[in-house]
Amino acid sequence: MSQSTCSLCRFWHSSIGKKIVVALTGLFLVLFLAGHLVGNLLIFQGSTDFNEYAHFLHNMMHGWGIWGFRIMMLVALVLHILATVQLVAANRAARTTRYQKEATMVASRSSRIMIWSGLTILVFFIFHILHYTVRVSPELKELADFGQSWAMTVKGFQNPLVSIFYIIAMGLLCSHLSHGVGSIFQTLGLRTRKTAGAINCLSKAYAVIIFVGFISIPISICFFGYGKDELKQTESAIKAAKSMGLEGILRDEH
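Numbering-wise (the working numbering), the sequence shown opens with residue 1 and increments by one.
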């Protein structure tokens with residue numbers, strides 16, 4: 001085993017190493033969420049803009065860019081959850097007296113919530129990939145094959161179960177963020193007594209913005225019928241093209 005590999009192993013097995021991994025992967029995921037939200041909100045700007053945005057993402061670096069980023073995100077999420085679970089397990093194992101248990105009761109409760117919300121977010125991420133990326137639903141796959149990412153998204157969120165699961169997952173995610181963003185600052189040594197109040201406000205404000213932004217999409221589609229008429233028109237156009245044998249032409253247009 002090389003010296004660099006040994007150093008990485010020692011870093012990972014140390015408490016401070018795991019905390020830094022949690023902070024850096026958390027920072028990456030926080031920045032990703034902000035960018036992802038901006039892109040997703042283009043759905044309210046109309047099908048043309050949203051489809052162009054989706055086309056850019058899926059053809060970035062000849063299609064390799066989006067998959068490379070997805071792999072990075074999945075690795076970051078797994079490392080983030082794994083390091084957090086191991087840190088909490090180590091802290092519980094080190095707690096030997098009743099005094100220590102009472103002193104950390106609030107932190108322990110918070111940690112338990114963080115772990116379960118993190119695991120739920122991981123399950124949601126896998127479901128989200130299967131739903132909108134792998135497209136296990138034939139209806140969504142057909143819309144995507146015709147370059148209709150906007151219609152595919154609207155169609156997906158018309159399912160109440162999907163929308164409700166999405167909203168619950170976003171709630172857990174933002175509960176996680178309201179505590180986690182502040183922890184990033186603390187681990188990286190950027191949180192002091194003077195800045196603690198401002199950082200707490202920033203964490204909560206960021207969590208609220210992310211929550212409201214993301215859930216506005218399924219709520220508008222599933223409960224208020226946003227995009228319903230245009231989706232029907234798109235599906236009718238695809239059905240007509242298929243019946244006339246013009247699938248290839250319609251795909252080429254997108």
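Even for Gly, the Cβ is constructed at its ideal location relative to N, Cα and C.
Computed from a prediction, not measured in an experiment: that's the story for all the values here.
With distances taken between CB atoms, is the gap from residue i to residue j smaller than 7 angstroms?
| i | j | result |
| --- | --- | --- |
| glycine 156 | leucine 140 | yes |
| threonine 187 | alanine 54 | no |
| methionine 170 | isoleucine 129 | no |
| glycine 182 | serine 203 | yes |
| valine 265 | leucine 82 | What is shown of the chain runs 1 to 254, which leaves residue 265 out entirely. |
| glycine 225 | leucine 37 | no |
| asparagine 51 | serine 137 | no |
| cysteine 174 | phenylalanine 211 | yes |
| leucine 79 | isoleucine 66 | no |
If residue i and residue j are in contact, beta carbons under 8 angstroms, what's the gap, nearest whole angstrom?
| i | j | result |
| --- | --- | --- |
| phenylalanine 146 | isoleucine 238 | 6 angstroms |
| methionine 73 | phenylalanine 32 | 6 angstroms |
| threonine 25 | alanine 90 | Wrong, their Cβ atoms sit about 18 angstroms apart, outside the cutoff. |
| isoleucine 121 | histidine 176 | 7 angstroms |
| lysine 18 | glutamine 86 | 6 angstroms |
| isoleucine 16 | isoleucine 217 | At roughly 39 angstroms, the Cβ-Cβ gap does not stay under 8 angstroms, so isoleucine 16 and isoleucine 217 are not in contact. |
| phenylalanine 185 | isoleucine 199 | 5 angstroms |
| glycine 227 | isoleucine 219 | The pair is not a contact, with the Cβ atoms about 13 angstroms apart (cut-off 8 angstroms). |
| alanine 151 | threonine 48 | That belief does not hold up - the Cβ atoms of alanine 151 and threonine 48 are roughly 12 angstroms apart, past 8 angstroms. |
| valine 88 | histidine 131 | So it is not a contact: roughly 30 angstroms between Cβ atoms. |
With H, G and I counted as helix, E and B as strand and the rest as coil, what does DSSP make of residue i?
| i | result |
| --- | --- |
| leucine 190 | coil |
| asparagine 200 | helix |
| alanine 14 | Note on residue identity: the sequence assigns serine, not alanine, to residue 14. If DSSP states are grouped into helix, strand and coil, serine 14 belongs with coil. |
| serine 137 | coil |
| glutamine 45 | helix |
| glutamine 148 | coil |
| methionine 244 | coil |
| asparagine 159 | coil |
| valine 154 | helix |
> Which runs of the alpha helix (DSSP H) fall wholly inside the region 210-241 and span at least 4 residues, in chain order?
Replying inline: For secondary structure counted as the alpha helix (DSSP H) over 4 or more consecutive residues, the region 210-241 holds no complete run.
> Could you give the uninterrupted runs of the alpha helix (DSSP H) lying entirely in the region 43-93, keeping only those of 4 residues or more?
Replying inline: Entirely contained in the region 43-93, the alpha helix (DSSP H) runs reaching 4 residues are, in chain order, 47-59.
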